[in-house]
Amino acid sequence: MQIRSWCCVLAVAAYFWGAVISASAQETIVPSPSLSVSGAVAIPGEWSVMRFETEFPREIKKVSYKLKDKKHSARCIPLWSLLQKAQFKPSDPSRKNPNLALVVTAVGGDGYIAAFSFGELSPEYGKRTIYIALDRDDKPLPGGTVELLVLTDGKSSRYVHDVRKLILTDTTPVR
Numbered sequence: 367m368q369i370r371s372w373c374c375v376l377a378v379a380a381y382f383w384g385a386v387i388s389a390s391a392q393e394t395i396v397p398s399p400s401l402s403v404s405g406a407v408a409i410p411g412e413w414s415v416m417r418f419e420t421e422f423p424r425e426i427k428k429v430s431y432k433l434k435d436k437k438h439s440a441r442c443i444p445l446w447s448l449l450q451k452a453q454f455k456p457s458d459p460s461r462k463n464p465n466l467a468l469v470v471t472a473v474g475g476d477g478y479i480a481a482f483s484f485g486e487l488s489p490e491y492g493k494r495t496i497y498i499a500l501d502r503d504d505k506p507l508p509g510g511t512v513e514l515l516v517l518t519d520g521k522s523s524r525y526v527h528d529v530r531k532l533i534l535t536d537t538t539p540v541r
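Residues 367 to 541 in my numbering are what the sequence shown spells out, letter by letter.
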C-alpha cells in the first residue's frame, strides 16, 4: 500500500512540475512588443528594439530631452530613417511631389495618436528630426516598445509613448 501512495505522490508532483516547466517554456517564446509599420509603404514590418539596434547601429545617437520638467536621455534613431527603410509608396507617383500628400500617424499602446506630415519630416522640406527612442536613462521603456520624441515642438504633446503602430496614409484625392 505504501508503494502505491508514493506512486500517487510522484505522479501528482510530476504533473505539477510539468505544468511549471510548460508555463516557463511558454513565457520564453512570447514575442517582445513591437512597432508595426504599415499603410502606404512598399515594405511593411514589425520593429522591436532589438531589430532597431541590429539594422540601424550607425544611426543610434544619444539625445537629451525634458519630459514633465525632468531631464532625460535616450538612445534614438531618426524616424525618417525608419520611413526610408519602409519605402514610401504614394498612390499616384506621377503627380508633382507625390510624397507631400503622405501623413504618418503614430499610435500608442493606450490609443494616443499624433500625426506628422511628410513635409515636416523630410530633410528636403521641414527638416524636423523626430526621434524613435529605444530606451530612457539607459533603462528599457515601460511597455517594452519605443517612444517618439519631437524635440522641436514647444510642448511634448506629440511625444507618443509605447508606440505600437506607424501608419502612412496617402491623402491624395481620388480623381
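Glycine residues also receive a C-beta, built at the ideal position from the N, C-alpha and C atoms.
Could you please give the first and the last residue of the uninterrupted beta strand (DSSP E) stretch that includes R441? 436 to 444
Going by C-alpha distance, which of D536, V512, I533 is nearest Y525? Of all alpha-carbon atoms in D536, V512, I533, the one lying nearest the alpha-carbon of Y525 is that of V512.
Own chain residues within Cβ distance below 8 Å of I479, not counting five before or after: T471, A472, V473, V526
Cβ shell of R494 (< 6 Å), same chain only, five flanking positions each side left out: E486, T518
Counted within 10 angstroms of its Cβ, other Cβ atoms place G405 as buried (16 or more) or exposed: buried
Look at the Cβ atom of L445, then the Cβ atom of Y497, and state whether they are nearer than 9 Å. yes
Whose C-alpha, out of R441, A408, S460, is nearest the C-alpha of P506? R441
Assuming V403 and L448 are in contact, meaning their beta carbons sit under 8 Å apart, how far apart are those beta carbons, in whole angstroms? 7 Å
Give the DSSP bridge partners of I533, in chain order. S404, T471
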